[in-house]
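Going by my numbering, the letters in the sequence shown line up with residues 24 to 305, in that order.
In this text, a Cβ means the ideal position worked out from N, Cα and C, and glycines have one as well.
Presented below is the structure to which this report refers.
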Amino acid sequence: MANTAWQRRIRRAEHLAARHPFAAEILGFYIHTARFQEGLYQRLERGSAGVSPAVLQEEARVSRPLPGQQDAGAANDRDLTELVASFPQFLSLVEEKGPARLAQVAHDLRNETSGSWSDLLNACWSAHGDAPVDAQEFLALAFLQPYAEFVRSRAPMQLDGYTHSLCPFCNRKPALGVLRQQGDGGRRSLLCGFCLAEWEFRRIVCPGCGQEDHAKLPVYTADSFPYIRVECCDTCQTYIKSIDLTKNGLADPLVDELASVPLDLWAQEHGYAKLHPNLFGM
Ligand SMILES: [Zn+2]
Ligand SMILES: [Zn+2]
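Right, dumping it as structure tokens:
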């Protein structure tokens, strides 16, 4: 079996679904989504063969409209065409395998025109404000995620000295944190749930408001997920989950974040809002 990042995430999701029945539904849906995303990524990769690096760099400016909308160019049109053509297939998948609330939204969207899909995809690609997004937008973002990863992986990124809490590539808030071994402790980085950029971020700082006072940044863990930290801030009342790979090297940050839904429920019951929802809107 090919050992792509998607396949590794799928295997991890299968493992966690068997262990945590409460997460089986969301992980099952994730597995279908990840298979679709891998296929889309491969189609995009094949399509880009032979495109010059200059064109790809141009595409890499993620805050601009999706390729083909306003900055039409041969290569850009090709990506948008591929994306719009693949969208109904994704919607059918959600209709068939997704949770009821998303299935209905996918069904309604599938009956719309390709022009409105194109508008939706563009709007979601460009938006990264604080406004909560609706189910349509979550679907569009989940669909666009492999494209964001594809474009980001081809963009030159200089992360030396980057200290901000927003994604250095697409400007979104981080979806989760990751702790990796460094010396005797763990070094924290933040992970963008959309383009999957990962960048270092100081450990005792709230990524929501910059609070540095240890006493205002409580960290909670639960027995069911001892390697996942719920890092809260009593100043801006947000939280982010960090996957501690120094405690569990088998964890996959994206997948384990999805599986640990009870931690989200706990944090939300205690008055904390998630800094940025994951691609399934949780
Ligand atoms: Zn990003
Ligand atoms: Zn804060």
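Check whether the Cβ atoms of residue i and residue j lie closer than 7 Å to each other.
| i | j | result |
| --- | --- | --- |
| Y243 | Y295 | no |
| G216 | L302 | yes |
| A108 | E118 | no |
| E292 | L219 | no |
| L268 | R203 | yes |
| L240 | C229 | yes |
| L39 | A282 | yes |
| V253 | K264 | yes |
| F192 | R175 | yes |
| W222 | L189 | no |
| L143 | L114 | no |
| F161 | W140 | no |
| I266 | I251 | yes |
| C147 | A163 | yes |
| H55 | L116 | yes |
Should residue i be labelled buried (16 or more other beta-carbon atoms within 10 Å of its own) or exposed?
| i | result |
| --- | --- |
| Q60 | buried |
| P197 | buried |
| A165 | buried |
| G121 | buried |
| L298 | buried |
| E280 | buried |
| R336 | The requested residue 336 is not part of the displayed model; the chain covers only 24 to 305. |
| Q168 | buried |
| A274 | buried |
| R195 | buried |
| Y185 | exposed |
| D287 | buried |
| A129 | buried |
| P76 | Unreliable positioning characterises P76 in this predicted model, as indicated by a pLDDT of 44, which lies under 50. A coordinate reading is not provided. |
| D102 | buried |
Please return the same chain residues whose Cβ sits closer than 8 Å to the Cβ of residue i, not counting the five positions on each side in sequence.
| i | result |
| --- | --- |
| V284 | F45, A46, I49, M305 |
| C232 | C256, T258, C259, T261 |
| A57 | W29, R32, I33, A36 |
| Q112 | F59 |
How is the alpha helix (DSSP H) around residue i delimited, first residue to last?
| i | result |
| --- | --- |
| Y19 | Here the chain comprises residues numbered 24 to 305, so residue 19 is not present and cannot be evaluated. |
| Q159 | 158-176 |
| E135 | No alpha helix (DSSP H) holds E135; DSSP gives it neither H nor E. |
| E292 | 284-292 |
| E37 | 28-42 |
Just to confirm my understanding: we take residue i, look at its own chain, exclude 5 residues before and 5 after, and list those with CB closer than 6 Å. What are they?
| i | result |
| --- | --- |
| Q92 | Here the model assigns Q92 a pLDDT of 43, short of 50, so the residue's position is not dependable, and the following value carries that caveat. Here the set comprises N145. |
| Q234 | C256, T258 |
| T27 | none |
| L16 | Nothing can be reported for residue 16: it is not among the residues displayed for the chain, which extend from 24 to 305. |
Among the residues of its own chain, which have a CB less than 7 Å from the CB of residue i, if the five just before and after it don't count?
| i | result |
| --- | --- |
| E105 | R66, L67, G70 |
| A51 | Checking the displayed sequence, the identity of residue 51 turns out to be Gly instead of Ala. Closer than 7 Å at the Cβ level, and outside the excluded window around G51, lie A40. |
| F248 | S283, L286 |
Can you tell me where the beta strand (DSSP E) with residue i in it begins and where it stops?
| i | result |
| --- | --- |
| G208 | 208-214 |
| R226 | That residue, R226, is in no beta strand (DSSP E); it is neither H nor E in DSSP. |
| L199 | 199-205 |
| S19 | Nothing about residue 19 can be reported from this structure: the residues present for the chain run from 24 to 305 only. |
| R252 | 248-255 |
| A245 | 242-245 |
Does residue i have its Cβ less than 7 Å from a Cβ in chain C?
| i | result |
| --- | --- |
| S283 | The chain labelled as chain C is not found in the depicted structure, where only one protein chain is given. |
Worksheet item: Which residues count as close to ligand 1 when the rule is a CB under 6 Å from any of its heavy atoms, in chain order?
Response: The set of residues with any CB-heavy atom separation to ligand 1 below 6 Å comprises, in chain order, C190, F192, C193, R195, C215, F217, C218, A220.
Worksheet item: Which residues count as close to ligand 2 when the rule is a CB under 6 Å from any of its heavy atoms, in chain order?
Response: Taking every residue with its beta carbon within less than 6 Å of a heavy atom belonging to ligand 2 gives, in chain order, C229, G231, C232, Q234, C256, T258, C259, T261.
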